[in-house]
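There are 2 protein chains.
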Amino acid sequence: MTFKFNNVYVENTATVTNLYEANGPLKKYFDKKYDDLYCGEKSIEKAEVRMLKDSIQILLKKTSLGKDDIDLVLAGDLTNQITSSTYASSFMNTPFLGLYNACATSMEAVIIGSSLIDGKKINNCICSTSSHNMTSEKQFRNPTEYGGPKPRTATFTATGGASIMLTNKKSDVRVECATIGRIVDFAQTDPNHMGAVMAPAAADTLVTHLQDTKRSIDDYDLILTGDLGFFGKQILTDYLKSEYNIVLNKKNYNDCGVMLYDLKRQKEVLAGGSGPVCSALVNYSYIYDMLKNKKLKRVLLITTGALFSPTSVFQKENILSIAHAVSLEVI
Amino acid sequence: MTFKFNNVYVENTATVTNLYEANGPLKKYFDKKYDDLYCGEKSIEKAEVRMLKDSIQILLKKTSLGKDDIDLVLAGDLTNQITSSTYASSFMNTPFLGLYNACATSMEAVIIGSSLIDGKKINNCICSTSSHNMTSEKQFRNPTEYGGPKPRTATFTATGGASIMLTNKKSDVRVECATIGRIVDFAQTDPNHMGAVMAPAAADTLVTHLQDTKRSIDDYDLILTGDLGFFGKQILTDYLKSEYNIVLNKKNYNDCGVMLYDLKRQKEVLAGGSGPVCSALVNYSYIYDMLKNKKLKRVLLITTGALFSPTSVFQKENILSIAHAVSLEVI
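For the record, the sequence lines run as chains A and B. Here the first sequence is numbered in this note's numbering, starting from 470 and rising by one per residue. Here the second sequence is numbered in this note's numbering, starting from 470 and rising by one per residue.
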């Protein structure tokens with residue numbers, strides 16, 4: 470299911486990060502960096518809310534718009550009942566749609582927002598997401614204090630908040646088309662190997678996208694997956710080559726989870742970054758900068774989400790996955 | 470933010486319920502009734518998945534459509550990471566958007582789906598939701614075995630799955646317009662009094678809707694709120710009268726949480742039904758039937774959601790709320 474958009478543009482973006490991300494190779498591209506996982510708040514949950522809210526406020530400041538100028542906020546995150554998004558967005562006092570597609574949520578929001586702008590239902594919107602390493606560890610995994618070792622295939626939830634403003638007013642970068650993904654079940658069950666869980670969804674959405682648009686990967690300067698990490702990136706590359714003869718390489722493909730950190734130096738991130746904000750931090754900072762500076766002309770952002778809960782893992786259900794793709798193009 | 474729709478119709482609906490709902494006054498309107506909270510499954514989580522999946526399958530059967538004929542599924546529910554929706558929808562193998570606005574999710578889905586049809590992005594979609602009394606009790610409240618008494622203001626999460634198919638093909642009932650709600654903070658903190666939490670959101674969305682459309686409540690045969698329950702219904706009535714001089718009465722207004730059960734006979738439901746499927750069960754069965762039989766000509770469905778998690782309640786955060794409104798009209 471691929472949508473074409475005629476008049477949808479990126480007005481601007483804002484990214485807020487924390488310790489680990491600000492120590493990574495993309496540090497100079499972020500708008501704000503906290504050096505404390507609590508961000509001066511009393512709880513890690515409030516810290517996540519703070520970073521998401523910061524990203525919206527920075528975005529408003531960058532665009533010289535007030536909250537009354539914004540038609541709609543679309544947001545989602547990993548915390549149970551997406552409370553980070555709702556608490557962070559409430560100050561806006563604007564219509565709100567809450568979304569959840571795990572780490573694919575940022576592009577889910579961009580697709581819905583772009584469709585509403587393209588259909589002339591709204592003039593603009595803000596699409597936001599967040600994650601926090603500690604809120605995710607607390608909620609999805611063992612308490613950090615427990616000190617349980619993780620396998621090398623495990624990913625590291627990124628900490629930050631990120632927002633993008635879409636508009637019908639012409640700008641340098643447009644949202645050109647998008648593909649809504651399907652739920653994929655590849656009988657994966659290991660929450661410590663999300664790359665293996667999500668690579669099939671990324672492949673399914675990319676192949677669908679290329680078929681729907683009658684394009685090849687050469688039509689994109691760069692294809693980015695959300696948070697497959699080191700191993701998932703390799704699995705996707707191998708799978709696309711063997712099943713579809715699509716050749717991903719260093720020049721045309723990268724994964725935000727691998728880009729956000731220096732995997733050799735930052736050993737604690739294991740296979741790389743994950744969490745909904747991981748891809749948003751990379752796409753809305755470095756990638757958006759490259760587009761604005763015309764170093765990239767057209768990119769395909771494929772965000773990848775693992776669909777499960779701690780309960781479903783305890784009950785030995787398969788971990789499902791989904792991926793959504795959005796094409797951004799320089800005008 | 471109110472959207473007008475020109476060519477969006479209801480193709481059909483399907484509702485699946487369980488013990489308590491099938492013992493209520495609307496029992497004859499449901500498509501399927503389980504008499505066991507496990508629905509023959511091994512866990513209550515699987516039971517909820519089963520009921521949601523059933524509702525999609527019954528809907529396909531009623532419409533004589535195959536899953537390949539469906540462009541998109543939009544779904545959300547209360548379980549952490551909306552796993553009921555994702556596990557239930559995966560068999561469809563169709564593009565999927567996961568949503569979360571608590572008990573306002575059903576109309577959130579209808580608004581996004583209708584916008585995509587109206588904007589000619591898709592031809593049809595299925596919007597689904599579910600809840601299960603026991604999965605909610607397990608996740609949000611004390612274990613049932615604990616036997617903690619609840620105050621009379623507490624509501625009772627409805628058990629079931631419900632789906633609606635929207636289409637661009639003309640039918641008897643159309644989705645005429647819709648209002649996306651804002652996040653409302655009325656400094657409420659009691660999870661055992663959701664009616665008080667959500668009534669302000671229902672009021673905000675109704676008033677916005679009437680202002681945007683330049684209508685009065687007399688333009689609707691019936692206004693329905695989602696799951697305010699006995700006390701929340703009274704709070705909304707009083708509040709609208711005193712603040713806006715809008716007079717809700719027995720003829721023009723009802724609440725799905727009050728309608729789903731017989732509050733006098735079914736004492737266990739306390740102030741009435743809640744959960745995202747509560748309003749969907751009433752709207753997609755009895756109300757849809759009344760519209761098809763032209764006993765109602767135009768109704769406004771306002772679903773109401775409380776935005777919180779167990780963690781946010783433990784941390785003494787305010788419980789936020791949101792409401793989305795959709796106008797259905799007989800042609």
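Note that beta-carbon positions come from the ideal geometry of N, C-alpha and C, so glycine has one too.
Nearest to N476 (chain A) by CA position, among A:S553, A:A623, A:G588, A:G695, is which residue?
A:G588
Is T780 (chain A) close to chain B, meaning its C-beta is less than 8 Å from at least one C-beta of that chain?
yes
Thinking M663 (chain B) and A749 (chain B) are a contact (beta carbons under 8 Å), I'd like their distance in whole angstroms, please.
Not really, about 17 Å apart at Cβ, beyond 8 Å.
For K531 (chain A), collect the residues of the same chain with a Cβ closer than 7 Å to its Cβ; drop the 5 residues on either side in sequence, then sort them by chain order.
N481, A483
Quick check on the burial criterion: 16 or more other C-beta atoms within 10 angstroms. Buried or exposed for K812 (chain B)?
The shown model of chain B, from 470 to 800, leaves out residue 812 (chain B), and the question about it has no answer.
Mind checking if K536 (chain A) is an interface residue toward chain B, Cβ cutoff 8 Å exclusive?
no
Which ranges does the beta strand (DSSP E) cover as unbroken runs of at least 3 residues, wholly within the region 493-575 of chain A, from first to last along the chain?
542-546, 565-567
Got a sec: is the Cβ-Cβ distance from L521 (chain A) to anything in chain B below 8 Å?
no
Quick one: any contact between the region 560-578 of chain A and the region 769-786 of chain A, if contact means 3 or more CB pairs under 8 Å?
yes
Contact check, N602 (chain A) vs D540 (chain A), beta carbons under 8 Å
no
My parser needs the alpha helix (DSSP H) runs of 4 or more residues fully inside the region 585-615 of chain A; what are they?
602-609
For V738 (chain B), the three-state DSSP class (helix, strand or coil)
helix
Under 8 Å between the Cβ atoms of V738 (chain B) and S600 (chain B)?
no
Using a Cβ cut-off of 9 Å, pull out every chain A residue sitting near S558 (chain B), in sequence order please.
I652
Looking at the unbroken alpha helix (DSSP H) that takes in S790 (chain B), where does it start and where does it end?
Where S790 (chain B) is concerned, there is no enclosing alpha helix (DSSP H), although the beta strand (DSSP E) it sits in stretches over 789-799.
Measuring CA to CA, which of B:I692, B:I580, B:S559, B:N721 is closest to P564 (chain A)?
B:I580
CB contact below 8 Å: T555 (chain B) versus chain A
yes
Distance, A665 (chain A) Cα to K736 (chain A) Cα:
20 Å
Assess, as a yes-or-no matter, whether the region 763-772 of chain B is touched by the region 684-701 of chain B under the definition of 3 or more beta carbon pairs within less than 8 Å.
yes
Cα separation between A740 (chain A) and T552 (chain B)?
25 Å
According to the Cβ coordinates, are D641 (chain B) and V799 (chain B) closer than 8 Å?
yes
Candidates A:Y569, A:M561, A:S524, A:A647, of which the one nearest S583 (chain A) by Cα
A:A647
Taking the straight line between their C-alpha atoms, what separation do you get for T677 (chain B) and I686 (chain B)?
12 Å
Identify the continuous alpha helix (DSSP H) that holds L709 (chain B) and give its terminal residues.
698-713
I need the DSSP call for V477 (chain A), collapsed to helix, strand or coil.
coil
Contact list for P564 (chain B) against chain A, beta-carbon separation under 7 Å:
M470, I649, G650, R651
Given 8 Å, three or more beta-carbon pairs between the region 515-525 of chain A and the region 626-639 of chain A:
yes
Put S632 (chain A) into one of helix, strand or coil per three-state DSSP.
strand
Tell me whether T471 (chain B) sits in a helix, a strand or coil according to DSSP, three-state version.
strand
For chain A, find out if any of its Cβ atoms is closer than 8 Å to the Cβ of L541 (chain B); answer yes or no.
yes
At a CB distance below 7 Å, what residues from the region 741-757 of chain B approach chain A? Give them in sequence order.
none
Could you check where the beta strand (DSSP E) with T773 (chain B) kicks off and where it finishes?
767-776
For chain A, check one thing: does any of its Cβ atoms lie closer than 8 Å to the Cβ of S512 (chain B)?
yes
So, for I704 (chain B): in the same chain, excluding its five sequence neighbours on each side, which residues have a beta-carbon less than 7 Å away from its beta-carbon?
G664, A665, A668
Return the first residue and the last residue of the alpha helix (DSSP H) that D758 (chain B) is part of.
757-761
Can you find a CB in chain A that lies within less than 8 Å of the CB of A571 (chain B)?
yes
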